[in-house]
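Under this note's numbering, the letters of the sequence shown match residues 486 to 566, in that order. Right, one structure below, let's go through it.
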Amino acid sequence: MRILSIDYGTKRTGLAVTDPLKLIASGLTTVDTPQLLPFLEKYTAEEPVEAFVIGLPKRLNNEGSAVEADIQQLLTKLKER
């Protein structure tokens with residue numbers, strides 16, 4: 486099983502994945518954000534993924550960033566699927 490990490494952006498989202506032993510993480514690809522969920526569905530159908538790690542950026546004063554609401558929506562959609 487692998488761990489897939491998501492660096493969410495409003496236009497493009499970066500993805501990285503571990504090797505099956507979870508020793509090394511490598512960049513996987515960058516996906517246009519509107520195509521993120523279809524890409525993840527296809528990828529997880531082909532590769533076993535144990536968990537997602539999703540970056541949650543903060544401002545210097547530790548408040549949520551402007552993209553935080555979008556990330557929370559993504560989390561909800563991932564949990565539903």
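The beta carbon of each residue, even a glycine, is placed where N, CA and C say it ideally should be. If you're wondering where the values come from, they're calculated on a predicted model, not measured in any experiment.
Buried versus exposed call for residue i [16 or more other C-beta atoms within 10 Å across all chains shown]
i: V502; result: buried
i: L521; result: buried
i: V538; result: exposed
i: L559; result: buried
i: I491; result: buried
Coil, strand or helix - residue i by DSSP
i: I488; result: strand
i: T495; result: coil
i: L500; result: strand
i: A551; result: coil
Backbone CA spacing between residue i and residue j [nearest angstrom]
i: P533; j: M486; result: 5 Å
i: A530; j: G512; result: 19 Å
i: E526; j: S550; result: 27 Å
i: E565; j: T495; result: 21 Å
Rounded distance between the beta-carbons of residue j and residue i, thought under 8 Å
i: T518; j: R544; result: Between R544 and T518 the Cβ distance is about 21 Å, and since that is not below 8 Å, they are no contact.
i: L563; j: E553; result: Contact doesn't hold; Cβ gap of about 15 Å is too wide.
i: L500; j: L489; result: 6 Å
8 Å Cβ cutoff, residue i in contact with chain D
i: L525; result: Looking at the structure shown, chain D is missing, and only one protein chain is on hand.
Where in the region 503-563 do unbroken runs of the beta strand (DSSP E), each at least 3 residues long, occur, reported from the N-terminal end onward? Qualifying beta strand (DSSP E) stretches, in chain order: 510-517 and 534-539.
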